[in-house]
Amino acid sequence: TMALFPGQITTGVAGRTLVSGTERLAFRWLALISLVGGVTGALLLIVTPSKAFAAMVPWLVLIATLLFAWSTFGKKPGAVSAPPAWVTMVTQSIIAVYSGFFGGGAGIITLASLTLARMPVRNAGATKNVLVSLSNLTAAAVFAFSGAVAWGHAAAIGAGSIIGGYLGARALKVLPERAIKIGVIAIGAALTAGLFLRG
1 TMALFPGQIT
11 TGVAGRTLVS
21 GTERLAFRWL
31 ALISLVGGVT
41 GALLLIVTPS
51 KAFAAMVPWL
61 VLIATLLFAW
71 STFGKKPGAV
81 SAPPAWVTMV
91 TQSIIAVYSG
101 FFGGGAGIIT
111 LASLTLARMP
121 VRNAGATKNV
131 LVSLSNLTAA
141 AVFAFSGAVA
151 WGHAAAIGAG
161 SIIGGYLGAR
171 ALKVLPERAI
181 KIGVIAIGAA
191 LTAGLFLRG
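End of the sequence shown = 199 in this note's numbering, gap-free, step of one.
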């Protein structure tokens, strides 16, 4: 979290013009939920072992990838109505806590949630970047005061994440939407495979 959140902040800032709320929930509520959820998840991580939960992560990423693939290619436009605002709020709350607690695959999970809420994929990608960065920003603040951060490693990885975050945000603006969809599914599949192999 500490190493990657600088890149996530960069990605969020670079793609801010594409950020939006869902059909039934304003962005400010999604942002507030993400901030609070990040703190909650970080505090849970400090007092709770994460090893048992780690076994669930590959399955969560797999399900999120399949949901994203279905929401973008499998269903007809307009075939499914946007979920009620409270469903989106609860879903984002769970994702934000997860992001602060563990974080693996939080981006693809958030993206799947937003596209299921009928947000266009380009806007969903940019909004996901901001929401995940907000969760990790508040989580990083908690970790910074916990005394459990390896600052040397975090700084080295963080520098690379800033470059990658900026390039990713630029790609989101210029690539064709179909290419973005296929790329997200490919990354989700690769991440799922890597998590299963590592576990």
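Built from N, CA and C at the ideal position, the CB exists for glycine as well.
Candidates the options: closest to residue i by CA position
i: valine 121; options: Ile46, Leu172 and Thr88; result: Leu172
i: leucine 45; options: Gly103, Ala26, Phe73 and Thr22; result: Gly103
i: phenylalanine 101; options: Ala141, Leu116, Pro176 and Leu66; result: Ala141
i: leucine 18; options: Asn136, Ile94, Leu197 and Met119; result: Met119
i: valine 215; options: Trp86, Ala186 and Thr192; result: It is not possible to answer for residue 215, since the shown part of the chain is limited to 1 through 199.
i: alanine 96; options: Ala69, Pro58, Ala85 and Asn136; result: Asn136
i: threonine 115; options: Ala42, Thr11 and Phe73; result: Phe73
i: alanine 69; options: Ala54, Ser133, Gly188 and Ala42; result: Gly188
i: leucine 131; options: Ala144, Phe143 and Ser113; result: Ser113
i: glycine 15; options: Trp29, Ile108 and Tyr166; result: Tyr166
i: threonine 40; options: Ile182, Ala139, Phe145 and Arg198; result: Ala139
Under the three-state DSSP convention, the category residue i falls into
i: glutamate 177; result: helix
i: valine 19; result: coil
i: phenylalanine 101; result: helix
i: arginine 170; result: helix
i: alanine 55; result: coil
i: arginine 24; result: coil
Residue i - containing alpha helix (DSSP H), residue span
i: serine 135; result: 121 to 144
i: tryptophan 29; result: 27 to 47
i: proline 84; result: No alpha helix (DSSP H) holds proline 84; DSSP gives it neither H nor E.
i: threonine 115; result: 106 to 116
Within 8 Å, strictly: CB atoms of residue i and residue j
i: glycine 125; j: isoleucine 180; result: yes
i: glutamine 92; j: serine 34; result: yes
i: alanine 169; j: asparagine 123; result: no
i: alanine 85; j: tyrosine 98; result: no
i: leucine 25; j: threonine 88; result: yes
i: alanine 82; j: threonine 22; result: yes
i: threonine 65; j: isoleucine 185; result: yes
i: leucine 195; j: valine 57; result: yes
i: alanine 42; j: phenylalanine 145; result: no
i: alanine 55; j: leucine 134; result: no
Closer than 7 Å: residue i CB and nearest the ligand MG heavy atom
i: leucine 167; result: Of ligands this structure carries none, so the ligand MG is not represented either.
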